[in-house]
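When the letters of the sequence shown are read in order and numbered with our numbering, they come out as residues 13 to 153. As structure tokens, the structure follows; a few thoughts come after it.
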Amino acid sequence: MKRIQIINGPNLNLLGKREPTVYGNQDFETYLQEVKKLFPEIQLDYFQSNTEGALIDKLHETGFTFDGILLNAGAYTHTSIALADAIRSITAPVVEVHISNVFQREDYRHHSFLSEACKGCIVGFGLDSYRLAIEAILHFE
Ligand code: DQA
């Protein structure tokens, strides 16, 4: 059974409540249940933290055994060399995920420290970005 880890960063625990015009009305746990039904053949684990170090620890923990990782690092995307280094330090392919199209937003969201270290990026498809990233991981080989 393939194992995929979803890692969500800061403020993504507030999906459904947070800026619904940007991020939609659905909370992540509800969405996750829907996605799990679409991929009954894979183990899909979910972790969220508002703390940079905890996100790095989860990358280290899962990055040598899982088949792929979806990382939405939230605003750390635009600031964190430490997360980029963590992605480079592990062997599992990491897909950078964003709900909103960051390139249609403020200039400071146009740069990601993570993209260079990631296998690929899925940006701007709402919560469906996560499903698309799972499809991408399943088609890697
Ligand atoms: C985000 C985009 C980031 O710029 C922002 O800081 C987030 C969410 C997204 O999923 O669209 O927290 O990663």
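Think of the CB as a built atom: it goes at the ideal place given N, C-alpha and C, for glycine as much as any other residue.
Check: So, helix, strand or coil for I81, using DSSP?
Finding: Secondary structure at I81: strand, using DSSP grouped into helix, strand and coil.
Note to self: Quick check on this structure: which residue in I54, A98, F78 has the alpha carbon closest to the alpha carbon of E147?
What the structure shows: I54
Next item on the list: Pick helix, strand or coil for R100, following the three-state DSSP scheme.
Entry: helix
Note to self: Helix, strand or coil for Q116? Go by DSSP, reduced to three states.
What the structure shows: Residue state, collapsed to three classes: helix.
Check: Which class does H72 belong to by DSSP, given the choice of helix, strand or coil?
Finding: helix
Item checked: Exposure label - E108; buried when at least 16 CB within 10 Å -> buried
Checklist line | Beta-carbon separation (whole angstroms), A129 vs A96, contact threshold 8 Å | finding: With a Cβ gap of about 5 Å, A129 and A96 count as contacting.
Notebook entry, point to check: Do H123 and the ligand DQA come close, with the Cβ less than 8 Å from some heavy atom?
Noted result: no
Next item on the list: Tell me, please, whether the region 97-116 touches the region 66-78 by the rule of three or more beta-carbon pairs shorter than 8 Å.
Entry: yes
Next item on the list: Tell me whether F16 sits in a helix, a strand or coil according to DSSP, three-state version.
Entry: Note that residue 16 corresponds to Ile in the displayed sequence, not to Phe. Note: I16 maps to strand in three-state DSSP.
Margin query: Within a Cβ cutoff of 8 Å, which residues of the same chain sit near R143, ignoring the five residues on either side of it in sequence?
Written below: V47, L50
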